[in-house]
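**Student:** Dropping a structure here in structure tokens format, bear with me for questions.
Numbering (mature numbering (1 follows the signal peptide of the UniProt record, and there is no 0)), first residue to last: -23 to -1, 1 to 137.
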């Protein structure tokens, strides 16, 4: 092996080792994000570059939001499935109905299971349904699909 070829092999090993040392895991994404009042949990790989997790809040009132992200495009669907004592709206819990809609879309062909179509169906049962584009890579994408980051700002756990 030439010296030049050896250099390339060693460089590739160094890059692989460095990237492996900093690889995220889904369990690291389960964390408190708002000093004992809120956080992220239940991170799931939905396949084909799409992830889902639950945002929770619990201070005087409680809320559960579900977030589905396309890791390559940065498109993010967010919707509230449950809340109690969060504001003047009556309490509700439609988590089961909302997750049934997500499951219905996710079991079909991805070409038809767009976040926009899911959003339209979720508006019938969930609250605060929105689709936006994030410039920051979500933790679940860093854990499950780090190669799809593209131009998005890389996710970093606080304190790292």
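Backbone N, C-alpha and C fix where the C-beta goes; we use that ideal spot for every residue, glycine too.
All values derive from a computational prediction rather than experimental measurement.
Would you check if the stretch 60 to 73 and the stretch 113 to 131 touch, i.e. whether three or more CB-CB distances between them fall below 8 Å?
**Tutor:** No: the two stretches stay apart, fewer than three of their Cβ pairs being nearer than 8 Å.
**Student:** Using the Cα positions of residue 52 and residue 15, report the straight-line distance between them to the nearest angstrom.
**Tutor:** Spanning the two alpha carbons is a distance of roughly 23 Å.
**Student:** Scan the stretch 51 to 81 and note each continuous beta strand (DSSP E) run of 3 residues or more that stays entirely inside, going in chain order.
**Tutor:** Qualifying beta strand (DSSP E) stretches, in chain order: 52 to 61.
**Student:** Buried or exposed for residue 37, please, with buried defined as at least 16 other CB atoms from any protein chain shown within 10 angstroms of its CB.
**Tutor:** Residue 37 should be labelled exposed.
**Student:** Decide if the stretch 90 to 105 is in contact with the stretch 48 to 65; the criterion is three or more beta carbon pairs, one per stretch, under 8 Å apart.
**Tutor:** The answer is yes - the stretch 48 to 65 touches the stretch 90 to 105, with three or more Cβ pairs under 8 Å.
**Student:** Buried or exposed: which applies to residue 117, given that a residue is buried once 16 or more other Cβ atoms fall within 10 Å of its Cβ?
**Tutor:** That one is buried.
**Student:** Which residue wins for smallest C-alpha separation from residue 50, given the options 60, 108, 74, 19?
**Tutor:** Selected option, being the one with the closest Cα: 108.
**Student:** My output table needs one value for residue 23: the three-state DSSP class, helix, strand or coil.
**Tutor:** Strand at residue 23.
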